[in-house]
Every structure is written in structure tokens, then in C-alpha cells.
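Student: Numbering (my numbering), first residue to last: 1444 to 1674.
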Ligand code: DC
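1) Ligand 1 and residue 1579: does any heavy atom of the ligand fall closer than 7 Å to the residue's C-beta?
2) Using 10 angstroms around the beta-carbon of residue 1455, count the other beta-carbons present and answer buried if the total reaches 16, otherwise exposed.
3) CB-CB under 7 Å to residue 1459, same chain, minus the five flanking residues each way: which ones, in chain order?
4) When you compare each of 1604, 1612, 1448, 1497 to residue 1471 by their alpha carbons, which one comes out closest?
5) Between the C-alpha atoms of residue 1634 and residue 1642, what's the straight-line distance to the nearest angstrom?
6) Using DSSP with H/G/I as helix, E/B as strand and the rest coil, what is residue 1572?
7) By Cβ distance, which residues of its chain are closer than 8 Å to residue 1620, with the 5 residues on each side in sequence left out?
8) In this structure, does DSSP put residue 1513 in helix, strand or coil?
9) Residue 1565: which of 1595, 1672, 1477 sits nearest, CA to CA?
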């Protein structure tokens, strides 16, 4: 069976990673969470004191980029790879609202994008990969055989994110989460370098009113049709 590349782009909290993981596991493909890479660089900058409230020392981060080593290590129990920042598993730390609040600023730095896009291209060079993010179908894999663009209303997405963070025990309000979602939408869609846009050949999926299972079945069908079309 031929292996394909599946690019899943879209706004934050549209459930991209959930469906991407399910899809990769069903097809026996590698799943790569590109957002985790931008989050890990943000965590590095926060830990090194390069970001403080209104002050982001971009130049220092660019200077230190060579010292940031990112890798993915497969977790047998979970069935997908988890990200490591300089050999430390940071999956939990990168999902906090603190990291979410600054990640779009870090992701707008061209030097950061250049470094991460190069790693992403390498991870997908043998196909058989499902990667989710913002510029996967436009910049990282413009020739991907299947491109999806996921959307849902900001309120719906904030509701999902709020529930997730609450379940993890985070002390946050719905308003703060909604504000973060809309601010990130704005920065991600208006930045100069690789803004979030739908690739011309991407299939748009608005999942505001789809259950996770309905969405998964729909996307699995699309993937199977694409693979069969190549056989
Ligand atoms: O998918 P996520 O919410 O974990 O992504 C975190 C941030 O990283 C998001 O606000 C935008 C940025 N990002 C990006 O610019 N390009 C990608 N390919 C993936 C994420």
C-alpha cells in the first residue's frame, strides 16, 4: 500500500491533534505535533528568562537557537511520540496557559520557523506521516497528498480548551481561555511569515457540530480514499 503525507492545519483547539493521533495509529503512520515544537521553544525562552510579561528578548532567543535540541520519543503506553526539550520530556509543561500566552509571539519569529520547518520536513521525508499545525499544507509539505483545514467557532474551541485545562487541575477562567484563543487566532493569521491560511487544495472541516467520532470517521474515509486512489 503506498504511504502518503497527511497535513492537518487549522485554528487552535479544533481537535487537530486528537484526530491526527487516531489517524496515525489506524494507518500505522508517525504522528508529529508541530505545535509542540513551537511550545517547547517558548518554554525554553520562559525558563531562560527571555520572556517576561511585556518583554520578549527575541535577539537572545535567536542567538541561543542552536542550544535548543528537540526530539520525539515514542511512548508505548500512549501509542504516540512525546516531545523532549534538551532530552527532558516537557509534554505537560508546554500545555499550560503560560506557554499558550506567549507561543504565538515565538512562532512569529522567522528564525524559529526556519529551524523547526527544517526538522519537520526531515521527519516527513519518508512519507507515512500525519503532521498537524498551521503551515503544514502550505509550507512544510506543499505536496502532501491529503490536506485538511479544521475550523470551529472561537467559543466552541475555548469551551473545549477550558474543559481540558480544568480537568488537569489548572486554576483558570473561561474568559481567560477565550481571550487566549482569539488573541492567538489574530497573531497566527496576521503574522508575516507563514500565516495560518487554508491551502488551495485543502479540504475544510468545520467541526463545531461534529462529535469526535463523526469527525474521525469522516477523515479516516478521506485518507483511505486518497490512498486507494494512488494504488
Ligand atoms: O497547535 P498548538 O495550539 O499547540 O500550537 C501552538 C502555537 O504554535 C500556535 O498558536 C501557533 C504556533 N504554530 C505555528 O505557528 N505553526 C505550526 N506549524 C504549529 C503551531
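We put the CB at the ideal spot given by N, CA and C, even for glycine. Just so you know, these numbers come straight off a predicted model, no measurement behind them.
Tutor: If we stick to the structure as given:
1) Residue 1579 Cβ: within cutoff of ligand 1.
2) The residue in question, residue 1455, is buried, as its Cβ has 16 or more Cβ neighbours within 10 Å.
3) Excluding positions up to five away in sequence, the list reads 1451, 1453, 1575, 1593.
4) Minimum Cα distance to residue 1471 is reached at 1448.
5) Using only the alpha carbons, I get a separation of about 16 Å.
6) It is a strand residue.
7) The residues are 1540, 1601, 1604, 1605, 1608.
8) Assigned with DSSP and collapsed to three states, residue 1513 falls in strand.
9) Checked all of 1595, 1672, 1477; the closest Cα to residue 1565 is 1477.
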